[in-house]
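Undergrad:
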Amino acid sequence: MSILLFSILALIAGLGILIYQFLKKQVELGFAATFMATGLSLVVSSFGTFSERVISALLNAENSVNTMQFITGVVLIFVGIWMSLYVTNKLTILNLLGVKERRIEEHRSDVKLNQFEFKEREVDLSIYPKKEMNKERFQDAKESIELALHSFHAETKNVKKGYTGTAPIPLTAYAGYCYKGAPTTEFFEYNISLNKFEKLKKSREWVLNNHWPKLNRIQLHSELIEQSQDVVIGISTSYKIQDHHVKQFKAPFVHLTTDKPQPNSIKYEAQLKAYVEEIQNLLFELGQRENIKRIHLVMSSQSCLAFELGKKFTTNTYMKQLTVYHFKTNQEPVYPWGITFNNEGVFFVDCKNVEVGEYDQTYV
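With my numbering, the residue at position 140 of the sequence shown is 301, and numbering never jumps.
What follows is the structure, given as structure tokens:
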């Protein structure tokens with residue numbers, strides 16, 4: 162193969178990769194590959210064509226190297242490699258905007274990120290907590306989340322990912338359900354009392370095993386669970402869910418709570434993982450009971466817990482009907498709407514003027 166042909170093929174390959182990455186919305190990686198392919202082409206062609214080398218050999222003359230072209234090619238190769246590593250290690254943060262439109266960009270000094278180290282991809286869900294949710298607004302929110310998560314997955318397939326958000330718990334869980342790709346590597350939570358963002362710490366589980374608040378299981382009237390078709394699971398890490406909060410469900414209440422729930426009590430990634438596993442195990446345990454048909458999940462916790470738990474939800478046939486609810490104080494009922502996951506898909510549930518056993522009839 163001649164040097165000229167090799168150079169042409171290298172350029173074509175670089176352009177092909179650029180177009181492919183552009184279609185995948187990974188333009189920066191495409192440019193990195195193009196730089197490397199162009200640099201390789203310049204380095205190879207700097208030694209001259211095959212015919213030039215043959216003539217030089219016949220004339221017993223030196224086949225000189227185009228030094229400037231060679232150096233330019235080497236520089237482009239290194240730029241391409243550097244750019245590829247930079248893009249791969251650049252953090253892309255998914256931000257589910259809710260009642261308060263809090264952005265990492267405005268608080269990047271809190272978490273020691275400069276403007277070149279991360280990108281923020283926002284999903285604006287701020288309208289939904291401010292107005293009464295109905296099936297039309299839910300459908301809009303559902304489509305927005307699905308479109309945003311599909312785009313986020315395509316854009317971040319080969320890069321580090323982060324998460325933050327203040328959207329309602331059901332929408333956050335649904336975003337986790339829609340999430341695809343490699344695990345989230347960084348979590349950011351807004352601390353209202355300190356007016357700043359905090360990043361969950363990376364620490365070894367065995368070091369911290371006895372240092373974070375444990376989830377205690379409180380289960381009164383266990384005999385009722387054996388007879389009921391419905392069960393309510395409450396998760397309290399930020400504020401304690403009271404018994405009167407869940408009276409609207411008229412079903413047995415299983416409570417997972419820390420001793421003293423308080424905002425931003427989840428400090429470590431390993432702690433988040435442990436909480437998700439414990440909740441998932443409880444969902445599985447109750448789901449194995451033949452009499453249980455519907456599980457109602459209420460949460461007072463940080464957004465990252467709802468997001469990570471949502472990743473575990475499935476609409477496969479073996480999963481019992483699970484509904485995640487939105488809490489709204491100073492009204493009746495305090496859980497006015499939710500999102501149901503079952504083997505038929507994902508549905509909006511309007512809880513106003515509906516008995517617990519009838520919730521599964523209010524799909525839209």
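Using N, Cα and C, we set each Cβ at its ideal position, and we do this for glycine too.
Looking at the strands, I want to know which residues DSSP matches up with serine 461.
TA: Mapped onto the sequence shown, residue 461 falls at position 300. Looking at the DSSP assignment, serine 461 forms a beta bridge with Ser397.
Undergrad: Does the distance from the C-beta atom of lysine 472 to that of glutamine 441 stay below 7 Å?
TA: Taking the sequence shown and counting its residues from 1, the one referred to as residue 472 is at position 311. Taking the sequence shown and counting its residues from 1, the one referred to as residue 441 is at position 280. In this structure, glutamine 441 does not lie closer than 7 Å to lysine 472 by Cβ.
Undergrad: Near histidine 268, what residues of its chain come up, given a Cβ to Cβ distance below 7 Å and the 5 sequence neighbours on each side ignored?
TA: For this step, residue 268 is matched to residue 107 along the sequence shown. Excluding residues within five positions, the ones whose Cβ falls inside 7 Å are Lys357 and Phe358.
Undergrad: Would a C-beta distance cut-off of 7 Å place threonine 253 and lysine 280 closer than the cut-off?
TA: Along the sequence shown, read from residue 1 onward, the residue named residue 253 stands at position 92. Along the sequence shown, read from residue 1 onward, the residue named residue 280 stands at position 119. Contact: yes.
Undergrad: By the three-class DSSP mapping on this structure, what secondary structure does valine 437 have?
TA: For the purposes of this step, residue 437 is taken as the residue at position 276 of the sequence shown. Three-state DSSP puts valine 437 in a helix.
Undergrad: Per DSSP, what kind of secondary structure is glutamate 281 in: helix, strand or coil?
TA: Taking the first residue of the sequence shown as position 1, residue 281 is located at position 120. Three-state result, glutamate 281: strand.
Undergrad: Does glutamine 423 come out as helix, strand or coil in the three-state DSSP assignment?
TA: Start at 1 with the first residue of the sequence shown, and residue 423 comes out as number 262. Glutamine 423 falls in the coil class under three-state DSSP.
Undergrad: Among Thr398, Ser399 and Leu417, which has the Cα closest to the Cα of leucine 381?
TA: Stepping through the sequence shown from its first residue, residue 381 is reached at position 220. For leucine 381, the nearest C-alpha among the options comes from Leu417.
Undergrad: What would DSSP say about arginine 264, mapped onto helix, strand or coil?
TA: As a first step, residue 264 must be located in the sequence shown, where it is residue number 103. Three-state result, arginine 264: coil.
Undergrad: Since glutamate 297 is in the alpha helix (DSSP H), which residue starts that stretch and which ends it?
TA: Within the sequence shown, residue 297 is the residue found at index 136, counting from 1. Run containing glutamate 297: 296-316, per the alpha helix (DSSP H) assignment.
Undergrad: Can you list, in chain order, the residues of its chain whose CB lies under 8 Å from that of arginine 298, leaving out five sequence neighbours each side?
TA: Counted from its first residue, the sequence shown places residue 298 at position 137. Hits under 8 Å: Ile288, Tyr289 and Lys292.
Undergrad: Given this structure, state the Cα-to-Cα distance separating glutamine 388 from alanine 467, to the nearest angstrom.
TA: If you number the sequence shown from 1, residue 388 lands on position 227. If you number the sequence shown from 1, residue 467 lands on position 306. Between glutamine 388 and alanine 467, the C-alpha separation is close to 29 Å.
Undergrad: Thinking C-alpha only, which one of Leu258, Thr228 and Asn503 is nearest tyrosine 324?
TA: Position 163 of the sequence shown, counting from 1, holds the residue named residue 324. Here the closest residue by C-alpha is Leu258.
Undergrad: Is the beta carbon of glutamine 463 sitting closer than 7 Å to the one on isoleucine 427?
TA: For the purposes of this step, residue 463 is identified with residue 302 of the sequence shown, where counting begins at 1. For the purposes of this step, residue 427 is identified with residue 266 of the sequence shown, where counting begins at 1. Yes, these two residues count as a Cβ contact at 7 Å.
Undergrad: Please classify threonine 199 as buried or exposed, where buried requires at least 16 other C-beta atoms within 10 Å of its C-beta.
TA: On the sequence shown, residue 199 is found 38 positions in, with the first residue counted as 1. Looking at its Cβ environment, which holds 16 or more other Cβ atoms inside 10 Å, threonine 199 is buried.
Undergrad: When we look at the beta-carbon of threonine 490 and count the other beta-carbons within 10 Å, is it buried (16 or more) or exposed?
TA: Stepping through the sequence shown from its first residue, residue 490 is reached at position 329. Per the 10 Å Cβ criterion, exposed.
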